[in-house]
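Residue numbers (the UniProt record's numbering): 1 to 350.
Encoded as structure tokens, the structure appears first; notes follow it.
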Amino acid sequence: MTTAAAYSISAPDGGFEKTTIERRELGPHDVLIDVKYAGICHSDIHTARNEWRGTQYPCVPGHEIAGLVAAVGPEVTRHKVGDRVGVGCMVDSCGSCEACLAGEESYCTGGVTWTYNSAVSEEIQPGGVTLGGYSTQVVVTENFVLSIPEGIGLDVAAPLLCAGITLFSPLRHWNAGPGKRVAIIGMGGLGHIGVKIAAALGAEVTVLSHSLSKREDGLRLGAQHYYVTSDKQTFKDLRGTFDLIINTVSANLPMDDYMRLLRLDGSLVILGLPDKPLAVQPFTIAAQRRSLAGSMIGGIAQTQEMLNFCSEHGIGAEIEVISADGIDAAYERVLASDVRYRFVIDTATM
Ligand code: NAP
Ligand code: ZN
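Next comes the structure, spelled out in structure tokens:
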């Protein structure tokens, strides 16, 4: 067993505190990773505050992990000591359902093991609940450990492990590319990486933000157009425009207004996961044969493809590195949409 430093939260309205946790003995296929950087995803906040219910306390969030391999089990072939590696939202899946066999592990129906807050046996994680990347070390089975190409710094790579794949996967699935008009709603952690990836794929990218303050950044990151959604005129001007709209917003939006921005056969894909139901008029969907869809992270092979793509195109997250004692303050700033554009914890400060 390995003892690691970590930051955990013990109640929905609590704050983060320094603690020590146990990591399992290395099994034959396990990789021990020295975590260097851990991104703060809005999902961490939903979970830490029990907004999706079912949070097991004490909780150690963190599923945007980048670090170096410290040790490997005897049968590990994919990684070796010293390798630059990453871990995202999943640390295991059933491996035998239709989704797993298709390489779509994030849609596993046999039971995904999430990087944190998943019930597991004591042998997998002492305490019986997975603990995430706000920690100096993590043990993960080799098939769920990604290689981070040399071209990307570990700090700016960390957010790609969740935000990067969560955007890359639907952009690929709905064929974002030359000749396609793509809108990204919300320029936060997910959204800003979506702008970069969609632009690199060759799409014509529009940012739909509720604030004008990110306009310059949006255009710098690769968007051709930037509109503010607090201005009613935006919805008149852009009616029937987009082939694909990706909604990254963590709060409920008036969906009809956004669905009407789709052209014939366009799709609006939900990524943001507020805890309240969405409402949309059937007429709005039927009128232009529009689709309302959703997408959840992406598979392991596609995550590696995304990391390679980002390396080739010089894409990393725009980050603000913080020390571990600044997690509570960072959460407040994410909630206020005051993040440019991802907080990343430097685990050397643990
Ligand atoms: P984030 O950094 O907080 O970004 C969300 C952005 O949404 C904000 O920057 C803001 O952008 C906009 N926004 C926030 N509140 C708003 C409001 N009340 N009205 C209008 N716009 C608002 O969060 P994130 O880490 O990108 O995560 C976003 C959501 O995706 C969360 O719900 C998270 O749980 C979910 N998520 C889903 C998946 C998946 O696989 N589907 C994966 C990861 C995360 P502007 O200021 O530009 O408007
Ligand atoms: Zn995430």
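Beta carbons: idealized from backbone N, C-alpha and C, even for Gly.
Among the options, whose alpha-carbon lies nearest the alpha-carbon of residue i?
i	options	result
GLU25	SER93, VAL139, ASP83 and PRO58	VAL139
GLU150	HIS192, ALA286, PHE309 and ALA251	PHE309
VAL85	ASP155, ARG220 and ALA330	ASP155
ALA66	ASN175, GLU22 and TYR134	TYR134
residue 357	PRO178, GLN56, LYS80 and ALA99	With the chain represented from 1 up to 350, any question about residue 357 goes unanswered, as that position is not in the structure.
CYS94	TYR107, ILE45 and GLY88	TYR107
PRO159	PHE283, SER323 and ILE193	ILE193
HIS210	TYR258, SER10 and GLY127	TYR258
GLN39	ASP338, THR349, ALA317 and GLY54	Residue identity check: residue 39 is Gly in the sequence provided, not Gln. Looking at the Cα atoms, ALA317 is the closest of the given residues.
ARG78	ASN50, HIS225, SER147 and HIS313	SER147
ILE319	ARG181, GLN137 and ALA157	ALA157
HIS173	ASP231, ALA71 and ALA198	ALA198
Got a sec: does the ligand ZN put a non-hydrogen atom nearer than 7 Å to the Cβ of residue i?
i	result
ILE162	At residue 162 the sequence reads Cys, which differs from the Ile that was named. Yes, Cβ of CYS162 sits closer than 7 Å to a heavy atom of the ligand ZN.
SER43	yes
HIS63	yes
CYS89	yes
Taking 7 Å as the line, does the beta carbon of residue i fall inside it for any heavy atom of the ligand NAP?
i	result
residue 383	The displayed coordinates of the chain run from 1 to 350. Any statement about residue 383 would go beyond what the structure contains.
SER209	yes
THR166	yes
SER295	yes
PRO274	yes
HIS46	yes
LEU261	no
VAL205	no
GLY186	yes
LYS36	no
LEU238	no
LYS214	yes
LEU68	no
VAL334	yes
Does the CB of residue i have a neighbour CB from chain C at under 8 Å?
i	result
ALA99	Considering every chain present, this structure includes no chain C. It has just one protein chain.
Could you check how far apart the C-beta atoms of residue i and residue j are, in whole angstroms? I think they sit under 8 Å.
i	j	result
ASN143	ILE300	7 Å
HIS42	GLY189	7 Å
VAL228	GLY218	Rounded, the Cβ-Cβ distance is 11 Å, inconsistent with contact.
Taking residue i as part of the beta strand (DSSP E), name the residues at either end of that continuous run.
i	result
TYR227	225-228
ASP34	30-39
LYS18	16-23
TYR7	2-9
GLU320	319-323
What residue range is occupied by the uninterrupted alpha helix (DSSP H) comprising residue i?
i	result
GLU312	300-312
THR349	Element bounds for THR349: n/a, residue is neither H nor E.
**Report entry** Whole runs of the beta strand (DSSP E) within the region 232-269, excluding any shorter than 3 residues
**Finding:** 242-247
Query raised in the report: Of all the beta strand (DSSP E) runs that stay within the bounds of the region 113-170, which reach a length of 3 or more residues?
Result: 137-141
Query raised in the report: What are the complete beta strand (DSSP E) segments, minimum 3 residues, inside the region 49-119?
Result: 65-72, 84-87 and 90-92
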